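Below is one structure, written out as structure tokens, with a few remarks after it.
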Amino acid sequence: MKFKDNIPIYLQIEQYLYRQIAMGKLQAGQKIPSVRKLAVELTVNVNTVQRALQQMNDQGILYTKRGEGNFVTEDTALLDKTKQSLIDNELDEFVQNMTRLGIKKENLGQVLEEYIQRSENKNE
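Quick note: full-length UniProt numbering has the sequence shown finishing at residue 124, numbered continuously throughout.
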């Protein structure tokens, strides 16, 4: 994982795990990798991973079973809300970037449709 300098690493780890959950790579009720394994995978300090997991526990996205590890919540409504929040953040960033490029909000749909068409034609 490549980290950005301007965002705390533990927050980036949280975002990484949220994306894994939203994409279905980590599913409701599934055990997530151990703190040590995540630290090695992501090449970060164990304490940094622990901080990210603690935040996610506090938010209810993860829960801990004593002696077994951390698991993804089985609260599908919370998982759906989290996924929608990720989508909203991505769309917000997209709209801001397009606005900076001089594209008016009312033209975003057309710009996106044209892009999708071009990319589909490219892949054929």
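Here a beta-carbon is modelled for each residue, glycine too, at the ideal position from N, C-alpha and C. These numbers were taken from a predicted model, which means no experiment stands behind them.
When you compare only the Cα positions, how much space is there between Lys37 and Val95?
For Lys37 and Val95, the distance between alpha carbons rounds to 36 Å.
Asn97 burial status per 10 Å Cβ neighbour count (16 or more: buried):
With fewer than 16 other Cβ atoms within 10 Å, it is exposed.
Once the 5 residues before and after Met1 are set aside, which same chain residues still bring their CB inside 7 Å of it?
Around Met1: Tyr16, Leu42.
Cα separation between Ala28 and Phe3?
Going from the Cα of Ala28 to the Cα of Phe3 covers about 26 Å.
With a 10 Å radius around its C-beta and 16 neighbouring C-beta atoms as the bar for buried, classify Ala52 as buried or exposed.
Counting the other CB atoms within 10 Å of its CB gives Ala52 a total of 16 or more, which places it among the buried residues.
Could you name each continuous alpha helix (DSSP H) segment of 4 residues or more that falls completely within the UniProt domain "HTH gntR-type" (7-75), going from the start of the chain to the end?
Every alpha helix (DSSP H) of 4 residues or more that sits fully in the UniProt domain "HTH gntR-type" (7-75) is shown, in chain order, as 9-22, 35-42, 46-59.
Express the C-alpha separation of Gln84 and Asn121 in angstroms, rounding to a whole number.
One C-alpha to the other measures close to 29 Å.
Between the region 46-65 and the region 97-112, are three or more C-beta pairs nearer than 8 Å?
Three or more beta-carbon pairs separated by less than 8 Å are not found between the region 46-65 and the region 97-112, which leaves the two stretches without contact.
Would you tell me roughly how many angstroms separate the C-alpha atoms of Leu91 and Glu124, rounded to the nearest one?
Rounded to whole angstroms, Leu91 to Glu124 spans 27 Å at the Cα level.
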